[in-house]
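2 protein chains.
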Amino acid sequence: MKKSIVGASRAAVAALALLCLLVSTAQAQAAADPLPSWNEGPAKQAIIKFVAATTTEGSPQFVSPGARFATFDQDGTTWVEHPIYTQVVFALDRVVVLAPKHPEWKTTEPFKSVIADDREAMAKFTTKDLEKIVFATHTGMTTSEFSAIVKDWIAKARDPRWHRLFTDLVYQPMLEVMQYLRANGYKTYIVTGGGQDFVRTYAEQTYGIPPEQIIGSALEAEFSYNDAGNAILMRPPKLLVNNNFSGKPEDIYLFIGRHPQAAFGNSTGDREMLEYTQAGGKGALMMLVLHDDPTREYAYGPAEGLPASNVGTFTQALYDEAKARGWNVISMKKDWNRIFSFDK
Amino acid sequence: MKKSIVGASRAAVAALALLCLLVSTAQAQAAADPLPSWNEGPAKQAIIKFVAATTTEGSPQFVSPGARFATFDQDGTTWVEHPIYTQVVFALDRVVVLAPKHPEWKTTEPFKSVIADDREAMAKFTTKDLEKIVFATHTGMTTSEFSAIVKDWIAKARDPRWHRLFTDLVYQPMLEVMQYLRANGYKTYIVTGGGQDFVRTYAEQTYGIPPEQIIGSALEAEFSYNDAGNAILMRPPKLLVNNNFSGKPEDIYLFIGRHPQAAFGNSTGDREMLEYTQAGGKGALMMLVLHDDPTREYAYGPAEGLPASNVGTFTQALYDEAKARGWNVISMKKDWNRIFSFDK
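In structure tokens form, the structure reads like this:
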């Protein structure tokens with residue numbers, strides 16, 4: 001009798017221990033960190049509190065599922081933009097590829113400097129120079145042809161520092177934010193000053209964001225027919241949408257027709273998008289990525305004493321506005337324990 | 345013994361009968377008609393076959409769920425457009441409302457004719473006249489203010505024939521198509537030559553289509569600040585997007601970045617949208633609504649001997665193109681057993 005009671009007690013204790021283990025594992029899984037690349041801190045807390053406040057029934061800031069929108073700048077916010085925007089690298093590569101068809105480029109700026117790989121001259125390119133390069137490399141073909149050219153390039157081109165595909169240089173912490181927001185009913189959009197069609201070719205695979213959720217600068221598309229009489233769209237050298245600065249909220253309104261509840265940027269070109277998001281109502285989340293980590297990525301501002309930069313300019317005025325308006329400034333150095341998926 | 349056997353047999357028969365009834369009801373429910381307002385015929389069959397072909401795994405025309413898009417013209421396709429477009433009625437009503445603030449309108453065309461309710465003169469209005477009226481009534485306020493004005497008007501204004509709210513004059517068969525497509529993973533869009541913001545105010549409630557899925561003609565939105573320093577968007581008298589004719593596929597490309605698999609229209613302004621849809625690949629569905637029912641709605645073409653009309657023109661050339669290209673022409677008279685939800 002004694003042996004079986006002891007045996008029964010041991011079995012009961014083992015069963016209870018197993019039960020506790022299962023419960024605590026379940027609890028741990030239920031509380032699993034949705035943002036593992038983020039260090040504990042005000043930035044991470046702001047994101048988590050935002051999601052809780054806008055998705056919990058009864059919360060004064062509850063947003064119904066069909067009306068949840070989050071917008072992300074790309075260059076410098078979701079992927080690397082130094083030393084120069086990826087799309088500019090593409091355009092310069094295309095000049096070299098197309099040069100044999102344009103012998104006159106050898107003696108015409110800005111093409112001459114690109115073909116000669118004259119870095120000093122290229123560093124001084126004006127907006128007009130870049131516009132000429134973009135029009136020469138992004139127009140005069142159908143929309144399908146252009147997408148195929150980009151797809152081909154983005155699958156092969158590598159950056160000069162890590163020698164990775166550019167689509168590998170996305171910020172793991174921001175991918176986690178996108179996945180976390182989507183898991184909570186948010187529609188995630190890219191809102192880029194760069195080319196809408198350029199980004200559309202890789203965004204679904206890279207960010208999980210489909211073409212209809214990419215807002216960017218866009219050429220006019222010209223309807224026409226091919227030789228078989230089938231409808232095509234050509235790309236003429238005419239800009240339809242300039243999606244920078246105040247263009248961002250204007251285009252968000254065109255595409256979405258509402259204020260987003262969350263917006264993420266990193267430079268002066270994102271200021272109006274964040275202001276427009278905040279104007280949508282209490283509980284909105286506005287965040288700016290500050291590049292303050294020269295070891296793991298790049299350091300540039302010039303806010304907070306960082307080196308000045310023409311690419312992804314984050315001025316002290318923008319920093320001060322962020323603080324005054326209650327926006328969150330993300331320090332790559334302090335807030336991210338991992339920047340790239342390939343970081344150890 | 346005999347009585348109980350008979351009793352048991354009767355009970356068994358009753359149970360079997362009930363079982364058969366349940367089974368057949370279940371089968372009937374499973375096969376419930378998703379398009380009850382449509383009569384059996386080639387148009388209805390085309391829709392059902394399209395959905396089966398594009399949503400059945402293993403079908404050569406299978407389209408993955410994230411890539412399913414259907415676009416609907418509005419005026420004359422999803423709601424009534426005769427005697428004149430609803431948005432024009434809105435604009436003319438606004439002229440009368442705003443007239444006290446514009447004493448000069450009493451002696452200036454086209455406002456003079458509108459204020460005097462001169463039907464003969466209004467019937468002769470040119471595009472330039474309408475543009476002046478639209479700019480005078482749709483601009484100079486914020487986007488929020490404009491939406492509130494439309495919301496207020498659309499909740500009260502009634503049509504001259506059925507004396508219904510305009511949002512009641514939607515075509516029940518087309519609502520069923522939208523619901524059926526959405527139930528099968530399709531994103532439904534309105535693609536209208538009318539105003540995007542006008543349609544956005546009621547489309548979610550009326551069609552189940554949210555603001556980010558409304559493509560239409562659009563003014564530029566101008567970013568600014570109100571007196572409290574908060575971001576606003578103003579409506580200047582500048583057209584950004586003209587969403588008619590070739591503008592439709594160009595704007596579908598801007599907003600969606602892909603060919604839709606299904607497109608529905610009713611006039612020459614929808615031709616390029618249907619051509620662009622067909623160019624997306626085999627298995628696409630292109631449908632045009634022909635207004636051939638003067639008793640229950642309006643008859644106009646001039647295709648197939650119907651009376652000519654400047655509003656929702658369906659030419660013989662468009663009809664012939666539809667037949668040549670394998671598009672489906674919907675006869676309101678033959679294909680729809682109910683037009684409006686309030687039809688008996």
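Heads up: the sequence lines are chains A and B, in that order.
Per this note's numbering: the first sequence = residues 1 to 344.
Per this note's numbering: the second sequence = residues 345 to 688.
For glycine and all other residues, C-beta sits at the position ideal for the given N, C-alpha and C.
Note that the structure is a prediction, hence the values are computed from the model and not measured.
Along chain B, in chain order, which residues have C-beta atoms closer than 7 Å to that of residue i?
| i | result |
| --- | --- |
| A:Arg200 | Gly601 |
| A:Ser346 | Limits of chain A in this structure are 1 at one end and 344 at the other, which puts residue 346 of chain A out of reach. |
| A:Ala308 | Neighbours of A:Ala308 on chain B: none; closest Cβ ~26 Å, over 7 Å. |
For the ligand SAH, is there a heavy atom less than 6 Å away from the beta-carbon of residue i?
| i | result |
| --- | --- |
| A:Tyr225 | For the ligand SAH, the structure offers nothing, since it holds no ligand at all. |
Anything in chain A within Cβ reach of residue i, meaning under 8 Å, just list it in chain order.
| i | result |
| --- | --- |
| B:Ile558 | Gly257 |
| B:Thr487 | Tyr253 |
What is the C-beta distance between residue i and residue j, in whole angstroms, given that I count them as a contact (C-beta under 8 Å)?
| i | j | result |
| --- | --- | --- |
| B:Thr659 | B:Pro638 | With 8 Å as the limit, B:Thr659 and B:Pro638 do not qualify as a contact, their Cβ atoms being about 19 Å apart. |
| A:Arg68 | B:Pro555 | The pair is not a contact, with the Cβ atoms about 13 Å apart (cut-off 8 Å). |
| A:Pro249 | A:Glu272 | 5 Å |
| A:Phe369 | A:Asp73 | Missing from the structure shown is residue 369 of chain A; chain A here goes from 1 to 344 and no further. |
| A:Gly141 | A:Arg235 | The sequence given here has Met at residue 141 of chain A, not Gly. With a Cβ gap of about 6 Å, A:Met141 and A:Arg235 count as contacting. |
| B:Ser611 | B:Asn587 | That belief does not hold up - the Cβ atoms of B:Ser611 and B:Asn587 are roughly 13 Å apart, past 8 Å. |
| B:Lys626 | B:Gln431 | The Cβ separation is near 36 Å, so there is no contact. |
| B:Leu583 | B:Leu563 | 6 Å |
| B:Glu520 | B:Ser408 | About 24 Å separates the two Cβ atoms, so there is no contact after all. |
| A:Asp197 | A:Thr277 | Actually they are not in contact, since the Cβ atoms of A:Asp197 and A:Thr277 sit about 25 Å apart, beyond 8 Å. |
| A:Gly195 | A:His102 | Between A:His102 and A:Gly195 the Cβ distance is about 21 Å, and since that is not below 8 Å, they are no contact. |
| B:Ile477 | B:Val439 | 6 Å |
Residue i versus chain A: which residues are under 7 Å apart at the beta carbon?
| i | result |
| --- | --- |
| B:Ala406 | Note on identity: in this sequence residue 406 of chain B is Phe, with Ala being the wrong assignment. Here the premise fails: no neighbours, minimum Cβ distance about 18 Å. |
List, in order along the chain, the chain B residues whose C-beta lies closer than 9 Å to that of residue i?
| i | result |
| --- | --- |
| A:Gly66 | Glu548 and Pro554 |
| A:Leu233 | Pro593, Glu594, Tyr597 and Tyr620 |
So which residues of chain B does residue i contact, with C-beta pairs closer than 8 Å?
| i | result |
| --- | --- |
| A:Glu272 | Phe567 and Ala575 |
| A:Leu70 | In the sequence under discussion, the amino acid at residue 70 of chain A is Ala, which differs from the Leu named in the question. The contacting residues do not exist; A:Ala70 stays about 13 Å from chain B at best. |
| A:Ala218 | Leu598 |
With a threshold of 7 Å between beta carbons, is residue i in contact with chain C?
| i | result |
| --- | --- |
| A:Asp227 | Annotation note: the requested chain C is absent from the structure, which comprises protein chains A and B. |
| What are the start and end residues of each continuous beta strand (DSSP E) run of 3 or more residues lying completely inside the segment 574 to 619 of chain B, in chain order? | Scanning the segment 574 to 619 of chain B for uninterrupted beta strand (DSSP E) segments of 3 residues or longer gives 575 to 578, 583 to 585 and 606 to 609, listed from N- to C-terminal end.
| task | Could you tell me which uninterrupted alpha helix (DSSP H) segments, each at least 4 residues in length, are contained entirely in the segment 134 to 204 of chain A, listed from first to last along the chain? | result | Listed in chain order, the complete alpha helix (DSSP H) runs (minimum 4 residues) inside the segment 134 to 204 of chain A are 143 to 154, 172 to 183 and 196 to 200.
| Segment contact, 8 Å Cβ cut-off, at least three pairs: the segment 534 to 552 of chain B with the segment 441 to 456 of chain B | Look at the beta carbons and you see the segment 534 to 552 of chain B not touching the segment 441 to 456 of chain B: under three pairs across the two are nearer than 8 Å.
| message | Any C-beta of chain A within less than 8 Å: which residues of the segment 508 to 533 of chain B qualify? | response | Here the close residues are Lys531.
| message | Using a Cβ-Cβ cutoff of 8 Å, what residues of the segment 620 to 652 of chain B are near chain A? List them in chain order. | response | Across the segment 620 to 652 of chain B, CB contacts with chain A closer than 8 Å involve Tyr620, Gln622 and Ala623, in sequence order along the chain.
| Minimum length 4: unbroken alpha helix (DSSP H) runs contained in the segment 429 to 463 of chain B | Within the segment 429 to 463 of chain B, the complete alpha helix (DSSP H) runs of at least 4 residues are 430 to 442 and 455 to 459.
| Can at least three beta-carbon pairs, one atom from the segment 331 to 340 of chain A and one from the segment 28 to 47 of chain A, be found at a separation below 8 Å? | Result yes; three or more Cβ-Cβ pairs closer than 8 Å.
| query | With contact counted as at least three CB pairs below 8 Å, one residue from each stretch, are the segment 487 to 498 of chain B and the segment 515 to 535 of chain B in contact? | reply | Not touching, per the Cβ criterion.
| query | Would you call the segment 152 to 172 of chain A and the segment 51 to 71 of chain A touching, i.e. three or more CB-CB distances under 8 Å? | reply | Taking one beta carbon from each stretch, the segment 152 to 172 of chain A and the segment 51 to 71 of chain A have fewer than 3 pairs nearer than 8 Å; the two do not touch.
| said: Suppose only complete runs of 4+ residues qualify. What are the alpha helix (DSSP H) ranges in the segment 266 to 343 of chain A, listed by chain order? | reply: Unbroken alpha helix (DSSP H) stretches of 4 residues or longer found wholly inside the segment 266 to 343 of chain A: 271 to 278, 316 to 325 and 332 to 335, given in chain order.
| message | Between the segment 495 to 509 of chain B and the segment 431 to 450 of chain B, can you find at least three pairs of beta-carbon atoms closer than 8 Å? | response | When Cβ pairs closer than 8 Å are counted between the two stretches, the segment 431 to 450 of chain B is seen to touch the segment 495 to 509 of chain B, the count reaching three or more.
| How about the segment 661 to 671 of chain B and the segment 627 to 637 of chain B: do they share at least three Cβ pairs that are nearer than 8 Å? | Yes: at least three Cβ pairs fall under 8 Å.
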